[in-house]
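Some notes on the structure that comes next.
In our numbering, the protein residues as written are 3 to 262.
Pasting the structure below:
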């Protein structure tokens with residue numbers, strides 16, 4: 003038992019020593035002053051523990067918006083980074099306003115059980131479980147976006163495709179894209195009238211009529227596929243908008259300081 007206690011004490015002391023190489027106040031000064039070069043060289047030269055260095059480099063690359071290197075160093079130091087509420091909050095505020103790929107990539111990181119930022123865990127769990135319980139009366143915008151996102155999940159791509167096979171563009175009206183529906187329907191009616199004229203004038207076996215039929219078939223198939231993809235796209239857009247507005251929520255309630 004005493005051997006275990008001594009080993010733990012030795013580990014604890016050595017960890018303190020490794021962290022002691024970095025001056026938190028000076029590090030915060032470098033960050034707040036945006037001294038990018040000095041900040042980087044300070045970390046590389048002074049931090050002797052590799053896990054700690056990876057963690058601090060994750061924060062460094064997050065501050066200076068190098069997304070790929072941030073994700074790389076975040077994964078290398080996840081046991082430390084995931085428990086830093088300043089880092090996770092700053093990352094949410096930043097990534098939720100970026101393009102969908104980066105936004106959803108960070109959302110997946112927030113699914114980790116190691117994450118201790120309770121407000122973000124509750125929010126992501128609410129999104130994943132499709133429940134509104136997290137959002138109180140003070141979050142009207144998030145409530146609205148949450149319901150819009152939840153509504154989009156009820157729309158099925160195969161239903162949209164089937165509807166557009168019956169009436170061109172109807173699948174887009176199914177997902178409330180009415181302008182797109184009107185344009186698609188109008189263009190198909192016009193092309194159909196042109197095809198009808200070609201049949202009347204030249205006959206159905208004429209090369210020009212056969213070409214028009216082939217083109218119309220491709221056009222019609224594209225309409226069906228377009229409605230299928232439009233339904234999936236709407237879900238992505240609604241989720242992205244929800245997370246985008248959640249960024250402001252996290253900023254208001256938690257601030258965006260990387261260093262305490």
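Ideal placement from N, C-alpha and C gives every residue a C-beta, glycine not left out. In this text, all values refer to a predicted model and were calculated from it rather than measured experimentally.
Backbone CA spacing between residue i and residue j [nearest angstrom]
| i | j | result |
| --- | --- | --- |
| residue 242 | residue 234 | 13 Å |
| residue 139 | residue 146 | A caution first: residue 139 carries a pLDDT of 47, below 50, which makes its placement in the model unreliable, though a value can still be read off. Each residue's alpha carbon lies about 11 Å from the other. |
| residue 53 | residue 159 | 45 Å |
| residue 43 | residue 55 | 12 Å |
| residue 211 | residue 112 | 57 Å |
| residue 51 | residue 60 | 14 Å |
| residue 32 | residue 109 | 29 Å |
| residue 223 | residue 238 | 23 Å |
| residue 263 | residue 107 | Here the chain comprises residues numbered 3 to 262, so residue 263 is not present and cannot be evaluated. |
| residue 10 | residue 47 | Residue placement at residue 10 is flagged as unreliable, the pLDDT there being 35, under the threshold of 50; the coordinate-derived value follows with that caveat. Straight-line Cα distance between these residues: approximately 28 Å. |
| residue 68 | residue 154 | 32 Å |
| residue 226 | residue 130 | 29 Å |
| residue 157 | residue 194 | 29 Å |
| residue 220 | residue 57 | 53 Å |
Status (buried if at least 16 other CB within 10 Å, exposed otherwise) for residue i
| i | result |
| --- | --- |
| residue 231 | exposed |
| residue 122 | buried |
| residue 257 | exposed |
| residue 41 | buried |
| residue 214 | buried |
| residue 252 | buried |
| residue 95 | buried |
| residue 179 | buried |
| residue 79 | buried |
| residue 35 | exposed |
| residue 126 | buried |
Residue i (DSSP reduced to helix, strand or coil)
| i | result |
| --- | --- |
| residue 107 | helix |
| residue 66 | coil |
| residue 243 | helix |
| residue 36 | coil |
| residue 179 | coil |
| residue 257 | coil |
Proximity of residue i and residue j at Cβ, strictly below 8 Å
| i | j | result |
| --- | --- | --- |
| residue 260 | residue 100 | no |
| residue 167 | residue 176 | no |
| residue 76 | residue 83 | yes |
| residue 150 | residue 240 | yes |
Q | Validate contact between the stretch 69-86 and the stretch 235-254 using beta carbons, cut 8 Å, 3 pairs | A | No, the stretch 69-86 is not in contact with the stretch 235-254.
Q.
Using a Cβ distance threshold of 8 Å, determine whether the stretch 159-171 contacts the stretch 185-192, with at least three qualifying pairs required.
A. Short answer: they touch.
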